[in-house]
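There are 2 protein chains.
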Amino acid sequence: MGQWQDRRITDLFGIELPIVQAPMAGATTSEMVIATCEAGGLGSLPGALLSIEQMRAALDQIRAATRKPVNCNFFVHVEAGPEPQRHQAWQSALAPYYTELGLDPSAPVPSSARAPFDDAYCRIVEEYRPEVVSFHFGLPRAELLVRVKATGAKVIASATTVAEARWLDERGVDAVIAMGFEAGGHRGSFLTQDMASQVGTFALVPQVVDAVKVPVIAAGGVADRRGVRAAFALGASAVQVGTAYLLTPEAKVAAFHREALKNARDDGSALTNVFTGRPARSLYNRLMREQGPLSTLAPSFPTAGGALLPLRGVTEKQGLADFSSLWSGQSAALVRNEMSSAELTRYLGEAD
Amino acid sequence: MGQWQDRRITDLFGIELPIVQAPMAGATTSEMVIATCEAGGLGSLPGALLSIEQMRAALDQIRAATRKPVNCNFFVHVEAGPEPQRHQAWQSALAPYYTELGLDPSAPVPSSARAPFDDAYCRIVEEYRPEVVSFHFGLPRAELLVRVKATGAKVIASATTVAEARWLDERGVDAVIAMGFEAGGHRGSFLTQDMASQVGTFALVPQVVDAVKVPVIAAGGVADRRGVRAAFALGASAVQVGTAYLLTPEAKVAAFHREALKNARDDGSALTNVFTGRPARSLYNRLMREQGPLSTLAPSFPTAGGALLPLRGVTEKQGLADFSSLWSGQSAALVRNEMSSAELTRYLGEAD
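Sequences listed follow chains X and V, in order. Positions 30 to 381 (my numbering) are the ones given, in order, by the first sequence. Positions 30 to 381 (my numbering) are the ones given, in order, by the second sequence.
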């Protein structure tokens, strides 16, 4: 097996293969992280849906199982204030589904949360000292960022435009994740809200490479070895891969979601805000078709998802994905052979 | 100078370099075509805005100047019937601009035409026998396609999804142009109208390669040598390049358009239907921001452009692009050194 000529990211993180397993809140398990790390890639534990205790338990498990470098990922969104009018409009739009499913549209709406990075999470970073910390939706406030850096962690973050990449570079990140339009899940966007001008991976990566001092990790559409080679040709020093890991046995993915991924077409997904209030790439389902994919009614991230919980409670039991997010990038169809997370990491990371 | 290992397209067309200059109606000149062909690439003459006489004159000029293979490109859209109500709604939306510019909103609207491929154009193909004929928006009806093939021309066409690529492959094209989301100008889409599910080049190319028997030409975001190498890594056998040729001295581009291209950002464009009625990638201008980028009011292709002509007549004289299309792909910012069409072709086509 050869070596990749560009070792800027592998040297920076102290890993063998230029493969970052994308942190996928809800779907990434400790087993996935451990297998990826042990195979020579960078496993990434997503914090957004984990309580402090859950994160601690996961890191205990991971640190006990591997001595390889690990990445902890956090969302750094600013939580919106109360939006009673928007929630009312959103509930009105969803009321017919409640009625259809025999639910009471006037019942209190459960809350849907994603925890932003804060002092408590920062203390976990200080205690467990992950070798890499990645942020989504920008960077935490300066005081927290200083504390993270003081642990010795390499700090990386997502950019969906050159402007965002420059912003991150100026604030001292160690590497930029150039997240193209093709990527599944939440866009990392934080300086723009214009989804019509989002940039494809093929165009974004070389422009980010030209714009920043630090090495670049390409994300969005990388699902097989051709994608890794192409990303390097565009100037990236590593890739971040999500959807292909969603199809490994280590992923915690509902059966209807796994089935949708297996049948995914190149043009079967869109950027949608109907699940959380923030644009994210999901395979089309009923809610996206009827209310989106981009809705002006969805309340701010992450609260839009609350009113969906009762609907999901009924439909998911029937195996239906009508109201459930089906996060996926545009290259799900490239994932044909189901591999374990370890096999996938080694396959993707093999040099010429 | 080395050779590209994959010679499926260069051998198919009888050219030296795997570089196709994109046919850009209005901007491509005979000089651009000639220079590209002589440099070893495939020059492409767009027919959509040329009358039969103009096309004949251009081909006379091209055939006199080069013996290399040439491509003639045609639109194959079906012209919409009269849409008086849609035109009225569109004119109402534009009326404030007319008033602002001192124009009469109730004056008869000029017509805006793009000629679809028909018997007259087919006779030109039969007479001049271009080595390659490319189609946009699908394929012509079977009887015309048979006539084109009978001339010996290699037939290629654009696909924006795997389904479109398969459709073309089944109908006997010699190669498919996989046109990613990043590409400038009109989307080649013909089986889908859902612009929210359009596919980025990075995801599209390998999925099309896997889906069709014929070789694939990658288009969308290819503007420098990194892009050519990446396209080959994804499985393409050639690339089609538009925006970079728009910045050559051979391109016929208004000064305000050239200036906008020179200052283009990665996230400065969007798919819009406000200029012609059909989605196309343009740099943002006033009309796109205020009425689009995708408008439900714009009449069918190509008639939406008619009502803009009086507005453009006033503003373009002032050097303003407020109502004028600024076709561009997402990689315009990669084009930093202005080269001639010949230099660009040789630069892009240089193998490792």
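Think of the CB as a built atom: it goes at the ideal place given N, C-alpha and C, for glycine as much as any other residue.
**Asked** Rounded to a whole number of angstroms, what is the C-alpha to C-alpha distance between X/L220 and X/A247?
**Response** Your numbering for residue 220 of chain X matches position 191 in the first sequence. Your numbering for residue 247 of chain X matches position 218 in the first sequence. Rounded to the nearest whole angstrom, the C-alpha separation of X/L220 and X/A247 is 19 Å.
**Prompt:** According to DSSP, which residues form a beta bridge with V/C101?
**Reply:** Locating residue 101 of chain V in the second sequence gives position 72, counting from the first residue. Beta-bridge pairing links V/C101 to V/L74, V/V162.
**Message:** Judging by CA-CA distance, which residue of V/A299, V/G321, V/G214 is the nearest neighbour of V/G55?
**Reply:** Within the second sequence, numbered from 1, the residue matching residue 55 of chain V stands at position 26. Looking at the Cα atoms, V/G214 is the closest of the given residues.
**Message:** Within a Cβ cutoff of 7 Å, which residues of the same chain sit near V/P244, ignoring the five residues on either side of it in sequence?
**Reply:** Counting from one through the second sequence, the residue named residue 244 of chain V turns up at place 215. For V/P244, where only same-chain residues beyond five positions count, the Cβ hits under 7 Å are R37, I38, L41, A204, S266.
**Asked** Quick one, which residues of the segment 218 to 231 of chain V are near chain X if we go by CB-CB under 8 Å, in chain order?
**Response** Against chain X - using a Cβ distance shorter than 8 Å - the residues of the segment 218 to 231 of chain V are T221, D223, A225, S226, Q227, V228, G229, T230, F231.
**Item:** Any C-beta of chain V under 7 Å from that of X/G213
**Value:** Numbered from its first residue, the first sequence carries residue 213 of chain X at position 184. Chain V contact via Cβ: absent.
**Message:** To the nearest angstrom, how far is the alpha carbon of V/A144 from that of X/L168?
**Reply:** Reading the second sequence from its first residue, position 115 is the one you call residue 144 of chain V. Reading the first sequence from its first residue, position 139 is the one you call residue 168 of chain X. Cα to Cα, V/A144 sits roughly 51 Å from X/L168.
**Message:** Using beta carbons (cut-off 7 Å, strictly below), is V/V362 in contact with chain X?
**Reply:** Taking the second sequence and counting its residues from 1, one reaches residue 362 of chain V at position 333. It should be noted that the sequence gives Ala, not Val, for residue 362 of chain V. So yes, V/A362 belongs to the interface.
**Request:** Count the other C-beta atoms from every protein chain shown that fall within 10 angstroms of the C-beta of X/L377, then say buried if there are 16 or more, exposed otherwise.
**Result:** Here residue 377 of chain X is taken as the residue at index 348 of the first sequence, counted from 1. With 16 or more other Cβ atoms within 10 Å, it is buried.
**Asked** Shortest alpha-carbon distance to V/S141 belongs to which of V/N366, V/A380, V/V303, V/R310?
**Response** Counted from its first residue, the second sequence places residue 141 of chain V at position 112. It is V/V303.
**Message:** Rounded to the nearest angstrom, what separates X/G217 and X/L373 at their Cα positions?
**Reply:** The residue given as residue 217 of chain X occupies position 188 in the first sequence. The residue given as residue 373 of chain X occupies position 344 in the first sequence. Taking the straight line from one Cα to the other gives about 24 Å.
**Request:** Mind listing the chain X neighbours of V/L197? Cutoff is C-beta to C-beta under 7 Å, in chain order.
**Result:** By 1-based counting over the second sequence, the position of residue 197 of chain V is 168. Scanning chain X for C-beta atoms nearer than 7 Å to the C-beta of V/L197 yields nothing, as the closest lies near 15 Å away.
**Request:** Would you identify the three-state DSSP class for V/I44, choosing helix, strand or coil?
**Result:** As a first step, residue 44 of chain V is located in the second sequence; it is residue number 15 there, counting from the start. Here V/I44 sits in coil by DSSP.
**Request:** For X/D35, go through chain V and note every residue whose CB falls closer than 7 Å to its CB, in chain order.
**Result:** Walking along the first sequence from the start, residue 35 of chain X turns up at place 6. Correct list: empty, because the minimum Cβ distance to chain V is about 12 Å.
**Message:** For V/N100, count the other beta carbons within 10 Å of its own beta carbon; 16 or more makes it buried, fewer makes it exposed. Which is it?
**Reply:** Mapped onto the second sequence, residue 100 of chain V falls at position 71. Its Cβ being crowded by 16 or more others within 10 Å, V/N100 is buried.
**Asked** Just to confirm, are X/G250 and X/T230 a CB contact at a threshold of 7 Å?
**Response** Indexing the first sequence from 1 puts residue 250 of chain X at position 221. Indexing the first sequence from 1 puts residue 230 of chain X at position 201. When the beta-carbon positions are compared, X/G250 and X/T230 come within less than 7 Å of each other.
**Asked** Given a threshold of 16 other Cβ atoms within 10 Å of its Cβ, counted over all protein chains shown, does V/M30 qualify as buried or as exposed?
**Response** One-based indexing of the second sequence puts residue 30 of chain V at position 1. For V/M30, the predicted structure reports a pLDDT of 46, less than 50, and the residue's modelled location is therefore unreliable. A value from the coordinates is still provided. By the Cβ-count criterion, V/M30 is exposed, with fewer than 16 other Cβ atoms from all chains shown falling within 10 Å of its own Cβ.
**Asked** What's the call for X/G348, buried or exposed, on a 16-neighbour Cβ count within 10 Å?
**Response** Residue numbering aside, residue 348 of chain X sits at position 319 when the first sequence is read from its first letter. X/G348 is classed as exposed because its beta carbon has fewer than 16 other beta carbons within 10 Å across all chains shown.
**Prompt:** If we count Cβ pairs, one from each stretch, closer than 8 Å, do we get three or more for the segment 92 to 112 of chain X versus the segment 55 to 72 of chain X?
**Reply:** When C-beta atoms of the segment 92 to 112 of chain X are compared with those of the segment 55 to 72 of chain X, three or more pairs fall below 8 Å, so the two segments count as touching.
**Item:** Local conformation of V/Q50 per DSSP, three classes
**Value:** As a first step, residue 50 of chain V must be located in the second sequence, where it is residue number 21. V/Q50 falls in the strand class under three-state DSSP.
**Asked** Whole-angstrom Cβ separation of V/E211 and V/G335, contact assumed at under 8 Å?
**Response** Reading the second sequence from its first residue, position 182 is the one you call residue 211 of chain V. Reading the second sequence from its first residue, position 306 is the one you call residue 335 of chain V. No, V/E211 and V/G335 are not in contact; Cβ-Cβ is about 29 Å, not under 8 Å.
**Asked** Name the chain X residues that come within less than 7 Å of V/R258, Cβ to Cβ?
**Response** Counting from one through the second sequence, the residue named residue 258 of chain V turns up at place 229. From the beta-carbon of V/R258, the residues of chain X found nearer than 7 Å are A262.
**Request:** Report the residues of the segment 176 to 189 of chain V with a CB closer than 9 Å to any CB of chain X, ordered along the chain.
**Result:** Cβ contacts with chain X come from T189.
**Prompt:** Quick one: is V/E279 buried, meaning 16 or more other Cβ sit within 10 Å of its Cβ, or exposed?
**Reply:** Taking the second sequence and counting its residues from 1, the one referred to as residue 279 of chain V is at position 250. With a threshold of 16 other beta carbon atoms within 10 Å, V/E279 meets it and is buried.
**Message:** At the level of alpha carbons, what is the spacing between V/V154 and V/T180?
**Reply:** Residue mapping note: residue 154 of chain V aligns to position 125 of the second sequence, counting from 1. Residue mapping note: residue 180 of chain V aligns to position 151 of the second sequence, counting from 1. In this structure, the straight-line span from the alpha carbon of V/V154 to that of V/T180 is close to 8 Å.
**Message:** Can you look up X/T189 in the DSSP assignment and give me helix, strand or coil?
**Reply:** Position 160 of the first sequence holds residue 189 of chain X. Three-state result, X/T189: coil.
**Prompt:** Is there at least one Cβ from chain V nearer than 7 Å to X/V191's Cβ?
**Reply:** Working through the first sequence from its first residue, we reach residue 191 of chain X at position 162. At least one chain V Cβ lies under 7 Å of X/V191.
**Asked** In or out: V/V107 buried (at least 16 other Cβ within 10 Å) or exposed?
**Response** Counted from its first residue, the second sequence places residue 107 of chain V at position 78. Around the CB of V/V107, fewer than 16 other CB atoms lie within 10 Å, so the residue is classed as exposed.
**Prompt:** Going by beta carbon distance, what residues of the same chain come within less than 7 Å of X/G70, once the five residues before and after it are set aside?
**Reply:** Within the first sequence, residue 70 of chain X is the residue found at index 41, counting from 1. Its chain contains I44, L46, I48, V49, Q50, T374, G378 as the residues whose beta carbon lies nearer than 7 Å to that of X/G70, once the 5 sequence neighbours on both sides are disregarded; these appear in chain order.
**Backbone CA spacing between X/R315 and X/R341 [nearest angstrom]** = For the purposes of this step, residue 315 of chain X is taken as residue 286 along the first sequence, with counting starting at 1. For the purposes of this step, residue 341 of chain X is taken as residue 312 along the first sequence, with counting starting at 1. Near 12 Å, if we compare the C-alpha coordinates of X/R341 and X/R315.
**Message:** Taking its Cβ as the centre, do 16 or more other Cβ atoms sit within 10 Å of V/D351, making it buried, or is it exposed?
**Reply:** Stepping through the second sequence from its first residue, residue 351 of chain V is reached at position 322. V/D351 is buried by the Cβ-count criterion.
**Asked** Residues of chain V with CB under 7 Å from X/A299, in chain order?
**Response** Translated into the one-based positions of the first sequence, residue 299 of chain X becomes position 270. Taking a Cβ-Cβ threshold of 7 Å, the residues of chain V close to X/A299 are A225, S226, in chain order.
**Request:** Sort X/A240, X/L276, X/L275 by Cα distance to X/G264 and report the nearest one.
**Result:** The residue you call residue 264 of chain X lines up with position 235 of the first sequence. Answer by Cα proximity: X/A240.
**Message:** Taking a contact to mean a Cβ-Cβ separation below 7 Å, would you say X/A109 touches X/S329 in this structure?
**Reply:** Here residue 109 of chain X corresponds to residue number 80 of the first sequence, with the count starting at 1. Here residue 329 of chain X corresponds to residue number 300 of the first sequence, with the count starting at 1. Yes, they are a contact pair.
**Message:** Counting only beta-carbon separations shorter than 7 Å, does X/Q359 have a partner in chain V?
**Reply:** Sequence index remark: in the first sequence, residue 359 of chain X carries index 330 (1-based). X/Q359 has a beta carbon lying within less than 7 Å of a beta carbon in chain V.
**The beta strand (DSSP E) enclosing V/V270, as first and last residue numbers** = On the second sequence, position 241 is the one that residue 270 of chain V refers to. For V/V270, the uninterrupted beta strand (DSSP E) segment begins and ends at 267 to 270.
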